[in-house]
Amino acid sequence: MRTLLTVFRKEFLDNLRDRRTLMSALLFGPLFGPLLFGLMISRMLEQSVVEADETLKITISGSAYAPGLASFLESQGVKLTRKEFTETEARAAVRSGHGTPVIVMVPEEYPKLFSSAVPAPVLLFADSADSQTRKIADRARHFLGAYGSGIAQMRLQLRGVNPTLTVPIAVNDVDVATPSGRAVVVLGFMTYFVLFALLMGGLYLAIDSTAGERERGSLEALLSLPVSRSALVGGKIVATCAYMCISVGLSLAAFVVAFRFVPLERIGMSANLNFGTAALFFLICLPFVPLGATLMTLVASFTRTYREAQTYLSMVLLVPTLPIAFASIYSLKTQSSLMFIPSLSQHLLMTSILKDESISVLDVLVSAAASLGLAAFLFVITARHWRRETMLG
Amino acid sequence: MIEAFGLSKRFGKIEAAREVSFTARDGEITGLLGANGAGKSTCLRMLYGVLTPDSGRASVDGLDILGETSKARAHLGVLPHAAGLYNNLSARENIEYFGALHGMRQKDARARIAQLARSLDMEGFIERRAKGFSQGQRIKVALARALIHDPGNVVLDEPTNGLDVMAIRNLREMLLTLKAQGRCVLFSSHVMQEVAALCDRVIIIGGGRVLADATVSEIRERSGAASLEEAFLQVLGNTEGVS
Chain A
12 MRTLLTVFRK EFLDNLRDRR TLMSALLFGP LFGPLLFGLM ISRMLEQSVV
62 EADETLKITI SGSAYAPGLA SFLESQGVKL TRKEFTETEA RAAVRSGHGT
112 PVIVMVPEEY PKLFSSAVPA PVLLFADSAD SQTRKIADRA RHFLGAYGSG
162 IAQMRLQLRG VNPTLTVPIA VNDVDVATPS GRAVVVLGFM TYFVLFALLM
212 GGLYLAIDST AGERERGSLE ALLSLPVSRS ALVGGKIVAT CAYMCISVGL
262 SLAAFVVAFR FVPLERIGMS ANLNFGTAAL FFLICLPFVP LGATLMTLVA
312 SFTRTYREAQ TYLSMVLLVP TLPIAFASIY SLKTQSSLMF IPSLSQHLLM
362 TSILKDESIS VLDVLVSAAA SLGLAAFLFV ITARHWRRET MLG
Chain B
15 MIEAFGLSKR FGKIEAAREV SFTARDGEIT GLLGANGAGK STCLRMLYGV
65 LTPDSGRASV DGLDILGETS KARAHLGVLP HAAGLYNNLS ARENIEYFGA
115 LHGMRQKDAR ARIAQLARSL DMEGFIERRA KGFSQGQRIK VALARALIHD
165 PGNVVLDEPT NGLDVMAIRN LREMLLTLKA QGRCVLFSSH VMQEVAALCD
215 RVIIIGGGRV LADATVSEIR ERSGAASLEE AFLQVLGNTE GVS
């Protein structure tokens, strides 16, 4: 125990003085996720929110041929600009994109066909490769469709047919998603960033205390001391855990702050993330810390150099993403049978809390026990490897 | 006192040590001379217990290195071939870390470090971080680290490698001081002059075997050669690579 504490103290101090460790544990790891996340989501939300609020502006050509259509559009709040184009001119104008993203053109033959109840053509010019114009075009198409079905109903009534006959079924969308639930689709990535920060926090310490010892030639002196190898590697793992805890704590705090700036509520979503839930997340992640630390230390113990360790550990960083990717593909929900899988269980529990769903204490305990159990198993393997003479390299 | 009894070790097809037996006595400097790859490091590593011999055993002050590892190691200071320091720690912190791992109290370790800093002339850089230390400074810190628990036996694996002339001179003086203090000093080298100048007893190793185990003068007498160099060459026979 004394050896373990001595090693822990030394590794903690040593790495506190190491710029590389500090950058990855305290800066890059914890802040990368929240920053990227905040920026990405606010940009996404701003776009969709702005468009729904804005008045639709359409340029219409040949409105004189369809006065009914024009006045219908204006009654729906569409701002019409009347300007005459030939077909070629319209094409060019839309392509150049200056002020006329979408043009509705009513051709000369429209009135004749319309009055004889033959489908009358209306041309809609838009560039579907541009996501902005596509949205405007969609809205224009929606209004044109509404006008069309209004006319159709009137025609049927005039002919003595009940218009409801054309509507055999009525689909009513009943959306049961809670405001938080909707946000989860967007926020699902957050748990990954939290687990990423958790591992990043200990990455360099795990390398430095194993492959680093070997590379700088201090390992053999250390191994020739009258101390238990389990205590030696145990101290290193505990120091790695300490950095991981700091990193995941910072990451969660950064997420709470970042979410203050994300206008989620403007699209009817809310994220259940405040400092209280962040603390709960921390507790849920805590059992994953020794698992990650032991796994990284074990893998790094087999490598000879810093570079080699970095290569292998960057693969280890991907391990927790696999269950999360699996979960989102199959849209898994929190269920007791999945609590045995580390990283997936933490992901599901955190997602449930984000969704404002209740979680069972038993699930949390099973998740913790599974992670800790696997960590203990990996520790036994690691300690055994450290006792081998091949450890000298 | 360090004793080896029939140590053998094999790595795959290579027999790194074959039936190696010798004794390194207290108050003497014993040199393990051999070419690169002759099996010197393998022998020393079995002596301080980081390698397990396939057969044979080794003891330090009568304590079996495998049976009573911790006790035996408490009597042993080791300066391995690669004696790297922690660059982010000061010289003092580097040494204190090993003291703490030996189970020393901080007060005792401090007193011992002050003593070592004086005798190894480290006072000028003891509080500086190890990053940027010269080879000579590094070897002093590594040696102090090996001696922190005041062991009766000291094992050094090629300690003069990479040192400049001044540093080698210093190291020589340090080893003589250790001998004068009545310690058992065992070191390996592939430099004959070094061994000849320092050692009371020379063990010549070639191909994993002990080729000779005698005092410097005995080797000279037995071979009848005029100079020490010729005497060594006779003993070594066709073993090449000793400079």
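Read top to bottom, the protein sequences are chains A and B. All residue numbers for the first sequence refer to the working numbering, where the first residue is 12 and numbers rise by one. All residue numbers for the second sequence refer to the working numbering, where the first residue is 15 and numbers rise by one. Glycine included, C-beta positions come from ideal geometry on N, C-alpha and C. Because the structure is a prediction, the values reported are computed rather than measured.
So does the region 284 to 294 of chain A actually touch the region 256 to 267 of chain A, counting three or more Cβ pairs closer than 8 Å? yes
For a test of the three-state rule: what should DSSP assign to K94/A, helix, strand or coil? coil
Those runs of the alpha helix (DSSP H) which lie wholly inside the region 224 to 311 of chain A and span at least 4 residues: 230 to 234, 240 to 271, 286 to 296
Here's the rule I'm using: 16 or more other beta-carbon atoms within 10 Å means buried, otherwise exposed. How should P444/A be labelled? Missing from the structure shown is residue 444/A; chain A here goes from 12 to 404 and no further.
If we cut at 9 Å on Cβ distances, does P94/B have a partner in chain A? yes
State yes or no: is the beta carbon of G51/B nearer than 9 Å to at least one beta carbon in chain A? no
Say whether chain A places a C-beta atom closer than 9 Å to the C-beta of R106/B. no
Rounded to the nearest angstrom, how far is the Cβ of K90/A from that of L67/A, given a contact under 8 Å? 7 Å
Just the C-alpha distance for R186/B and V238/A, rounded to the nearest angstrom, thanks. 30 Å
Residues that DSSP places opposite C198/B in a beta bridge: N167/B
In terms of alpha-carbon separation, which member of I219/B, G238/B, S202/B, Q195/B lies closest to G41/B? Q195/B
Reference I219/B; option with closest CA among I28/B, G51/B, I43/B: G51/B
Are there 16 or more other CB atoms within 10 angstroms of the CB of L170/B, so buried, or fewer, so exposed? buried
CB contact below 9 Å: A232/A versus chain B: yes
Interfacial residues, the region 39 to 68 of chain B to chain A, with Cβ spacing under 9 Å: R59, Y62, G63, V64, L65, T66
So G40/A and A208/A are supposed to be a Cβ contact under 8 Å. How far apart are they, rounded? 4 Å
In chain order, what residues of the same chain have a beta carbon less than 8 Å from the beta carbon of I109/B, not counting five sequence neighbours either side? A123, I127, L130, V155, A158, R159, I162
Assign N410/A to one of two classes, buried (16 or more other C-beta atoms within 10 Å of its C-beta) or exposed (fewer than that). Nothing in the structure corresponds to residue 410/A, since chain A is present only between 12 and 404.
Nearest-angstrom Cβ-Cβ length linking R28/A and R240/A, presumed shorter than 8 Å: Not confirmed; about 25 Å, so no contact.
Assuming L200/B and L80/B make a contact with CB atoms under 8 Å, what is their CB distance in whole Å? With a Cβ gap of about 18 Å, L200/B and L80/B do not count as contacting.
To which residues of the same chain is G245/A closer than 7 Å at the C-beta, ignoring the five residues directly before and after it? L15
Residues bridged to M136/B by DSSP? Answer by DSSP bridge pairing: none, since M136/B is not bridged.
Over what stretch of residues does the alpha helix (DSSP H) that includes L47/B continue unbroken? Element bounds for L47/B: not the alpha helix (DSSP H) but the beta strand (DSSP E), 43 to 47.
What residues are listed by DSSP as bridge partners for L135/A? V115/A
Would you decide whether M350/A is buried or exposed? Buried here means 16 or more other CB atoms lie within 10 Å of its CB. buried
By the three-class DSSP mapping on this structure, what secondary structure does A30/B have? strand
Buried or exposed, going by whether 16 or more other CB atoms sit within 10 Å of the CB of Y341/A? exposed
Any idea what DSSP makes of V330/A, helix, strand or coil? coil
State the DSSP-derived secondary structure class of D227/B, mapped to helix, strand or coil. strand
Grouping DSSP H, G and I as helix and E and B as strand, with all else coil, what is V182/A? coil
Roughly how many angstroms lie between the CA atoms of L177/B and A338/A, to the nearest whole one? 59 Å
What in chain A is Cβ-close to S84/B, meaning under 7 Å? P237
Spatial neighbours of C213/B within its chain, please: CB distance less than 7 Å, with the 5 preceding and 5 following residues excluded, ordered by chain position. I43, T44, G45, V230
When we look at the beta-carbon of L192/B and count the other beta-carbons within 10 Å, is it buried (16 or more) or exposed? buried
L360/A, enclosing alpha helix (DSSP H) - first and last residue: 355 to 365
Can you give the beta carbon distance from A304/A to I218/A, rounded, assuming they're within the 8 Å contact cut? That pair is no contact at about 12 Å.
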